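In terms of numbering that gives the first Met the number 0, the sequence shown opens at residue 0 and continues consecutively. Backbone N, C-alpha and C fix where the C-beta goes; we use that ideal spot for every residue, glycine too. Nothing here was measured: the structure is a model prediction, and the numbers come from that model. One structure is given below, encoded as structure tokens.
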Amino acid sequence: MRTKYVMFAICLFFVFTIVGCGKKQAEAVAIDEKHDKCDICQIGVMDNQFATEIILENGKALKFDDIGCMYKWMEINPGEKTKEKFVRDYDSKDWVSLEDATYVYDKTITTPMAYNVISFKNKKDAENFVSNYKGKVLSYKELAEHKWEMSKEMMGNPKKGNHGGHH
Numbered sequence: 000m001r002t003k004y005v006m007f008a009i010c011l012f013f014v015f016t017i018v019g020c021g022k023k024q025a026e027a028v029a030i031d032e033k034h035d036k037c038d039i040c041q042i043g044v045m046d047n048q049f050a051t052e053i054i055l056e057n058g059k060a061l062k063f064d065d066i067g068c069m070y071k072w073m074e075i076n077p078g079e080k081t082k083e084k085f086v087r088d089y090d091s092k093d094w095v096s097l098e099d100a101t102y103v104y105d106k107t108i109t110t111p112m113a114y115n116v117i118s119f120k121n122k123k124d125a126e127n128f129v130s131n132y133k134g135k136v137l138s139y140k141e142l143a144e145h146k147w148e149m150s151k152e153m154m155g156n157p158k159k160g161n162h163g164g165h166h
């Protein structure tokens with residue numbers, strides 16, 4: 000009888016061990032400003048609020064200098080399997096899952112490649128940004144419908160429209 004309990008305990012141990020080894024949550028990879036290049040435009044990726052990442056199924060991290068470049072990559076590679084996609088909170092620069100963030104678009108928002116979209120961890124922060132400056136708050140689903148174009152007005156004019164001293 001005692002052997003049955005020992006065997007049962009061993010089986011339970013293995014079951015919990017196997018269940019615990021399930022799919023590991025992907026994490027964002029730190030930006031190395033000296034070496035990281037955007038996987039679309041090949042410009043250096045800065046460790047700032049505009050950096051984004053895609054973690055592929057094989058664990059490789061793709062890095063982008065602007066959320067627009069990340070969406071361009073997804074458009075070009077629709078069948079590529081990904082584990083996770085990350086954006087940065089505009090205020091704290093913390094990594095946030097692409098699906099969990101809230102976005103603001105305005106043609107006057109300056110971003111590295113002039114796509115004019117920034118991300119926030121909390122919807123309230125995005126709404127505060129819009130009330131202080133201007134723009135349109137977008138959800139993840141609305142962002143998927145967004146027309147990704149570089150602002151010709153912003154290209155070559157990095158100071159224009161940077162919302163004063165917000166950041």
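Quiz item: Just to confirm, are Asp-99 and Phe-63 a CB contact at a threshold of 8 Å?
Solution: no
Exercise. Using 10 angstroms around the beta-carbon of Glu-32, count the other beta-carbons present and answer buried if the total reaches 16, otherwise exposed.
Key: exposed
Quiz item: To which residues of the same chain is Phe-29 closer than 8 Å at the C-beta, ignoring the five residues directly before and after it?
Solution: Reading off the sequence shown, one finds Ala at residue 29, where the question assumed Phe. Result list for Ala-29: Asp-46, in chain order.
Practice problem: Quick one: residues in its chain with C-beta nearer than 8 Å to the C-beta of Ser-150, no 5 flanking neighbours on either side, listed in chain order? | Solution: Lys-106, Ala-113, Tyr-114, Asn-115.
Practice problem: Please classify Ser-150: does DSSP put it in a helix, a strand, or coil? | Solution: coil
Self-check item: Simplified DSSP state of Ile-169, which is helix, strand or coil
Solution: Any property of residue 169 remains undetermined from this structure, which presents the chain solely from 0 to 166.
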